[in-house]
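K.L.:
The opening position of the sequence shown corresponds to residue 30 in this note's numbering, with each subsequent residue numbered one higher.
We put the beta carbon where it would ideally sit given N, CA and C, even for glycine.
From a predicted model like this one, the values you see are computed outputs, not experimental measurements.
I am attaching a structure below and will ask some questions about it afterwards.
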Amino acid sequence: MVFKKHHLSLHLVVQQQFYVLYTNNFPLVVENKHYHLVVDIKRNLSFVCNNKIHIVSLIKGDKDLSYMDALIKSILYHQKRFRCQNKRCCLSDFCKQNKNRNFQCSHKKILKTSGPITFHFITDKPTQLKFQKMEQNWQLINMKFQFYEYQRYLNKIDWVLSKHSSDIRSCLKLLLPEILPKYVRQVIVLDTCLLLNGDINELWGHFKYFKTSQILGVTMEQNPKFEAIMKSLIKGWRGYGYNSGVVLMDLAKLRSLPWNHLWMSAIKFVMKTAGYLSAGEQDVINLIMLRNNEIFYEIPCEWNIQLSSGVDTHRCPVSWLTENSLLNSGDLIYGKQPKIVHLNHQVKPEDLDLKNILNVDTNVSLTTYNGK
Numbered sequence: 030m031v032f033k034k035h036h037l038s039l040h041l042v043v044q045q046q047f048y049v050l051y052t053n054n055f056p057l058v059v060e061n062k063h064y065h066l067v068v069d070i071k072r073n074l075s076f077v078c079n080n081k082i083h084i085v086s087l088i089k090g091d092k093d094l095s096y097m098d099a100l101i102k103s104i105l106y107h108q109k110r111f112r113c114q115n116k117r118c119c120l121s122d123f124c125k126q127n128k129n130r131n132f133q134c135s136h137k138k139i140l141k142t143s144g145p146i147t148f149h150f151i152t153d154k155p156t157q158l159k160f161q162k163m164e165q166n167w168q169l170i171n172m173k174f175q176f177y178e179y180q181r182y183l184n185k186i187d188w189v190l191s192k193h194s195s196d197i198r199s200c201l202k203l204l205l206p207e208i209l210p211k212y213v214r215q216v217i218v219l220d221t222c223l224l225l226n227g228d229i230n231e232l233w234g235h236f237k238y239f240k241t242s243q244i245l246g247v248t249m250e251q252n253p254k255f256e257a258i259m260k261s262l263i264k265g266w267r268g269y270g271y272n273s274g275v276v277l278m279d280l281a282k283l284r285s286l287p288w289n290h291l292w293m294s295a296i297k298f299v300m301k302t303a304g305y306l307s308a309g310e311q312d313v314i315n316l317i318m319l320r321n322n323e324i325f326y327e328i329p330c331e332w333n334i335q336l337s338s339g340v341d342t343h344r345c346p347v348s349w350l351t352e353n354s355l356l357n358s359g360d361l362i363y364g365k366q367p368k369i370v371h372l373n374h375q376v377k378p379e380d381l382d383l384k385n386i387l388n389v390d391t392n393v394s395l396t397t398y399n400g401k
């Protein structure tokens with residue numbers, strides 16, 4: 030099957046096949062196994078071996094917890110920390126289908142490339158307690174969770190008016206150099222409504238391509254609506270702009286700059302011009318980019334394939350192949366694969382009746398992530 034971004038309904042249905050796997054209510058139990066799912070088409074980026082990866086997300090409430098549960102599982106899945114000992118653990122019984130194709134349900138140790146990951150959550154106390162209760166059942170290794178109460182920082186942005194779905198909380202991303210500990214020098218900033226379709230190490234590896242002046246890595250915005258927003262703010266604005274759902278932040282460099290002045294002056298300009306932020310911190314980041322283009326690094330667009338209503342699929346054409354298609358070298362003519370899918374449509378997969386859409390078992394009980 031070739032996945033082409035032509036219709037959002039098709040887009041969502043295909044994505045739900047992966048979402049069913051990640052959103053089943055199963056415990057993540059420590060095992061000393063991993064599962065090699067697919068052959069990487071290209072390895073242009075070397076993995077960051079034994080490097081500590083830092084990821085930050087804003088979470089609040091049960092929906093965000095559900096999204097984060099799926100996001101973490103997708104990260105583990107594509108780091109090959111998944112085992113197929115349970116025949117029901119693989120979508121469409123993939124292990125059984127590929128026994129004769131060198132796709133072994135391996136009992137080998139976790140790959141060295143699956144290094145430590147620390148999640149930093151900007152959250153409130155009730156959400157933190159619920160997440161910690163979930164995390165106690167997972168018993169994950171090489172993964173830590175740290176929490177920061179967002180209420181402590183709201184006074185720095187309470188003068189901002191935002192029409193973003195997460196209100197002014199999304200602007201807390203601009204405060205990360207202050208919120209996160211000094212030892213966190215680089216961080217991947219992820220929205221909660223994302224699913225990985227590649228190894229997070231590859232994304233982290235883009236930090237080494239930053240030039241000395243570059244401090245923020247962003248991907249191209251794929252919805253023309255945002256271009257219209259920026260044109261209403263800036264006379265003569267040209268280009269698509271950038272989406273802030275996936276951001277690479279070099280915090281060490283940000284801390285050495287007058288970063289607070291940059292983002293505060295940008296917000297004040299938007300507030301004076303429009304009266305409010307339309308896309309939250311994304312408005313601010315794009316305005317800073319316009320004034321200081323040299324500080325931005327463009328991440329390849331396949332690291333943020335957006336599913337918002339009205340998205341222009343030609344801005345980042347991708348093909349989404351099944352595992353069997355990936356085994357067929359002839360299918361490589363279809364081009365690049367999505368690395369991250371951004372479910373930034375107002376309708377999320379859990380809002381739909383998956384059992385009536387997909388011919389898969391949505392009651393799968395997985396026992397199988399990570400290593401011991």
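So for V340, helix, strand or coil by DSSP?
P.N.:
Coil, per DSSP.
K.L.:
For the alpha helix (DSSP H) containing E164, name the first residue and the last one.
P.N.:
That run of the alpha helix (DSSP H) goes K154 to W167.
K.L.:
Take every Cβ of the segment 193 to 209, pair it with every Cβ of the segment 86 to 100, and state whether three or more of those distances are shorter than 8 Å.
P.N.:
Taking a contact to require three or more Cβ pairs closer than 8 Å, the segment 193 to 209 and the segment 86 to 100 qualify as touching.
K.L.:
Just the Cα atoms here: how many angstroms apart are L350 and Y96?
P.N.:
Their Cα atoms are separated by approximately 24 Å.
K.L.:
Can you give the beta carbon distance from L280 to V218, rounded, assuming they're within the 8 Å contact cut?
P.N.:
10 Å between Cβ atoms; not a contact.
K.L.:
With 16 other CB atoms within 10 Å as the buried threshold, where does K297 fall?
P.N.:
Answer is exposed; the Cβ neighbour count stays below 16.
K.L.:
Going by DSSP in three states, N322 sits in which element: helix, strand or coil?
P.N.:
Residue state, collapsed to three classes: helix.
K.L.:
May I ask you to report which of helix, strand or coil DSSP gives Q108?
P.N.:
coil
K.L.:
Say whether the segment 172 to 179 touches the segment 148 to 164, bearing in mind that this needs 3 or more beta-carbon pairs closer than 8 Å, one atom from each stretch.
P.N.:
Result yes; three or more Cβ-Cβ pairs closer than 8 Å.
K.L.:
Would S242 and I324 qualify as a contact pair, given that the criterion is a beta-carbon distance under 8 Å?
P.N.:
Yes; because the gap between Cβ atoms is below 8 Å, this pair is in contact.
K.L.:
Which residue or residues does DSSP assign as beta-bridge partners of H83?
P.N.:
T147
K.L.:
Need the endpoints of the alpha helix (DSSP H) that H290 sits in, please.
P.N.:
W288 to A303
K.L.:
What's the gap between the Cα of H374 and the Cα of F255?
P.N.:
About 14 Å.
K.L.:
To the nearest angstrom, how far is it from the Cα of R344 to the Cα of L105?
P.N.:
When rounded, the distance between both Cα atoms is 29 Å.
K.L.:
Would you report the Cα separation of Q311 and E164, rounded to the nearest angstrom?
P.N.:
One C-alpha to the other measures close to 31 Å.
K.L.:
Specify whether the segment 242 to 253 and the segment 185 to 193 touch according to this definition: at least 3 beta carbon pairs, one from each stretch, less than 8 Å apart.
P.N.:
no
K.L.:
Mark N184 as exposed unless 16 or more other C-beta atoms lie within 10 angstroms of its C-beta, in which case mark it buried.
P.N.:
exposed
K.L.:
Suppose you measure from the CA of D228 to the CA of L336; what does that come to, to the nearest Å?
P.N.:
20 Å
K.L.:
How many Å lie between I314 and N289 at the Cα?
P.N.:
12 Å
K.L.:
Can you name the start and end residues of the beta strand (DSSP E) that N272 belongs to?
P.N.:
Y271 to D279
K.L.:
Provide the residue span of the alpha helix (DSSP H) that contains E178, from first to last.
P.N.:
Segment M172 to E178 is the beta strand (DSSP E) holding E178; no alpha helix (DSSP H) there.
K.L.:
Using only CA atoms, which one of M293, C222, V276 and P346 lies nearest to L232?
P.N.:
V276
K.L.:
Just how far apart, CA to CA, sit Q168 and G234?
P.N.:
27 Å
K.L.:
According to DSSP, is I22 part of a helix, a strand, or is it coil?
P.N.:
This structure cannot settle anything about residue 22, because the visible part of the chain is limited to 30 through 401.
K.L.:
Spatial neighbours of G309 within its chain, please: CB distance less than 7 Å, with the 5 preceding and 5 following residues excluded, ordered by chain position.
P.N.:
Closer than 7 Å at the Cβ level, and outside the excluded window around G309, lie S191, H193, S195, S199 and C200.
K.L.:
When we look at the beta-carbon of K240 and count the other beta-carbons within 10 Å, is it buried (16 or more) or exposed?
P.N.:
Exposed, by the Cβ-count rule.
K.L.:
Just to confirm my understanding: we take Q157, look at its own chain, exclude 5 residues before and 5 after, and list those with CB closer than 6 Å. What are they?
P.N.:
F176
K.L.:
With a 10 Å radius around its C-beta and 16 neighbouring C-beta atoms as the bar for buried, classify G304 as buried or exposed.
P.N.:
exposed
K.L.:
Is it true that the CB of V370 sits closer than 8 Å to the CB of N226?
P.N.:
In contact: N226 and V370 (Cβ atoms closer than 8 Å).
K.L.:
Measure the Cβ-Cβ separation of I317 and L291 and say whether it is below 8 Å.
P.N.:
yes
K.L.:
Check the DSSP bridge columns for G246 and list the partner residues they point to.
P.N.:
L277 and Y326
K.L.:
Sort V347, V216, M293 and G270 by Cα distance to W332 and report the nearest one.
P.N.:
V347
K.L.:
Any idea which residues DSSP pairs V370 with across the strands?
P.N.:
L224 and I334
K.L.:
Say whether chain C places a C-beta atom closer than 8 Å to the C-beta of E164.
P.N.:
As a matter of chain content, chain C is missing from the structure shown, which is built from one protein chain.
K.L.:
Between I263, E207, W266 and A295, which has its C-alpha nearest R284's C-alpha?
P.N.:
Taking only the C-alpha atoms, the option nearest R284 is E207.
K.L.:
Cβ atoms of P145 and K102: under 8 Å apart, would you say?
P.N.:
no
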